[in-house]
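Asker:
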Amino acid sequence: MPHTIVTNTCEGVADCVDACPVACIHEGPGKNVKGTDWYWIDFATCIDCGICLQVCPVEGAIVPEERPDLQETP
Numbered sequence: 091m092p093h094t095i096v097t098n099t100c101e102g103v104a105d106c107v108d109a110c111p112v113a114c115i116h117e118g119p120g121k122n123v124k125g126t127d128w129y130w131i132d133f134a135t136c137i138d139c140g141i142c143l144q145v146c147p148v149e150g151a152i153v154p155e156e157r158p159d160l161q162e163t164p
């Protein structure tokens with residue numbers, strides 16, 4: 091099951107982008123409610139490796155399940 095980036099918790103650090111082995115993490119348009127850039131995970135491409143969870147410095151920004159209700163997807 092793919093992981094989810096919680097749009098309104100993400101702070102746009104983007105450590106996950108370079109760490110992802112399948113390049114399934116993309117920048118979202120605009121800013122989130124915190125006023126920061128945000129990223130989203132393409133559920134169809136995610137291989138559930140968990141690397142994004144390990145490298146993200148923002149607690150709670152990524153959850154280990156597919157939660158489209160928490161992640162805005164352009």
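Numbering-wise, the numbering used here comes out as the position in the sequence shown, counting from 1, plus 90.
Don't be surprised by glycine CBs; every beta carbon is placed ideally from N, CA and C.
This one's a predicted model, so the numbers in the text were calculated from it and none came from an experiment.
Could you check how far apart the C-beta atoms of residue 151 and residue 99 are, in whole angstroms? I think they sit under 8 Å.
Answerer: Confirmed, about 5 Å.
Asker: Measuring alpha carbon to alpha carbon, tell me which of 97, 91, 92, 93 ends up nearest residue 160.
Answerer: Answer by Cα proximity: 97.
Asker: Check this for me: beta carbons of residue 101 and residue 130, under 8 Å apart or not?
Answerer: Going by C-beta atoms, residue 101 is not nearer than 8 Å to residue 130.
Asker: Quick one: what's got a C-beta closer than 7 Å to residue 109's C-beta in the same chain, skipping five residues either side?
Answerer: Cβ neighbours of residue 109 beyond the five flanking positions: 141, 142, 145.
Asker: Would DSSP call residue 137 helix, strand or coil?
Answerer: The answer is coil: DSSP assigns residue 137 none of H, G, I, E or B.
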